[in-house]
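Undergrad: In this note's numbering, the protein residues as written are 198 to 323.
Glycine residues also receive a C-beta, built at the ideal position from the N, C-alpha and C atoms.
This structure is a prediction, so every number in the text was calculated from the model and none was measured.
Next up is a structure, given as structure tokens.
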């Protein structure tokens, strides 16, 4: 065992002590996402079929003249994917702070990752 290998648990401990709450939350979200077999949002690319898991940060109803949309930002600790449901004003259970897994094709709109009308599974509240 090298000196670096012996120091790594100590380094991790010190890093956790000095990390901000947001950094610790991001690490936990990344672990939970990996445990359920989801792809990290940071590695998703345009056109890819992906399953992403995380926590909803914001949920916004956007009234449009032709087509209303419900948009939610899903954060998994690595990046944000905007979930867009076309023609919907409200979906029961889709609310900020809720954990869910979404599956669909990744698109890019205004330099943001977007998933239109994703299949989703809500996780039990914690």
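What residue range is occupied by the uninterrupted alpha helix (DSSP H) comprising residue 230?
TA: Here residue 230 corresponds to residue number 33 of the chain shown, with the count starting at 1. That run of the alpha helix (DSSP H) goes 218-232.
Undergrad: Less than 8 Å between the beta carbons of residue 294 and residue 313, yes or no?
TA: Taking the chain shown and counting its residues from 1, one reaches residue 294 at position 97. Taking the chain shown and counting its residues from 1, one reaches residue 313 at position 116. No. Outside cutoff.
Undergrad: Answer yes or no: do residue 281 and residue 238 have a C-beta to C-beta separation smaller than 8 Å?
TA: For the purposes of this step, residue 281 is taken as residue 84 along the chain shown, with counting starting at 1. For the purposes of this step, residue 238 is taken as residue 41 along the chain shown, with counting starting at 1. No, the pair does not count as a contact, with Cβ atoms beyond the cut-off.
Undergrad: Beta-carbon within less than 8 Å of residue 233's beta-carbon, same chain only, minus the 5 sequence neighbours each way: which residues are those?
TA: Sequence index remark: in the chain shown, residue 233 carries index 36 (1-based). So the list reads 250 and 298, once near-sequence residues are dropped.
Undergrad: With DSSP as the reference, label residue 205 as helix, strand or coil.
TA: Position 8 of the chain shown, counted from the first residue, corresponds to residue 205. Correct three-state label for residue 205: helix.
Undergrad: DSSP state of residue 238, grouped into three classes?
TA: The residue labelled residue 238 in the question sits at position 41 within the chain shown. Residue state, collapsed to three classes: helix.
Undergrad: For the beta strand (DSSP E) that residue 284 lies in, which residues bound it at each end?
TA: The count along the chain shown starts at 1 and reaches residue 284 at position 87. First-last for residue 284: undefined, no H or E at that position.
Undergrad: Could you check if residue 316 is buried or exposed, using at least 16 other CB atoms within 10 Å of its CB as the buried criterion?
TA: Translated into the one-based positions of the chain shown, residue 316 becomes position 119. Exposed, by the Cβ-count rule.
Undergrad: For residue 269 and residue 222, I'd like the C-alpha separation in whole angstroms.
TA: In the chain shown, residue 269 corresponds to position 72, counting from 1. In the chain shown, residue 222 corresponds to position 25, counting from 1. So the two alpha carbons sit approximately 19 Å from each other.
Undergrad: Can you name, in chain order, every residue of its own chain whose Cβ lies under 7 Å from the Cβ of residue 199, other than the five neighbours on each side?
TA: For this step, residue 199 is matched to residue 2 along the chain shown. Bear in mind that a pLDDT of 45 at residue 199, under 50, signals an unreliable position, so the number given afterwards is only what the model happens to contain. Hits under 7 Å: none found.
Undergrad: Within 10 angstroms of its Cβ, does residue 290 collect 16 or more other Cβ (buried), or is it exposed?
TA: Indexing the chain shown from 1 puts residue 290 at position 93. Exposed is the call here.
Undergrad: Looking at the secondary structure, which residues open and close the beta strand (DSSP E) in which residue 296 lies?
TA: Translated into the one-based positions of the chain shown, residue 296 becomes position 99. Its beta strand (DSSP E) spans residues 296-306.
Undergrad: Mapping the DSSP letters down to three states, classify residue 264 as helix, strand or coil.
TA: In the chain shown, the residue the question calls residue 264 occupies position 67. Residue state, collapsed to three classes: coil.
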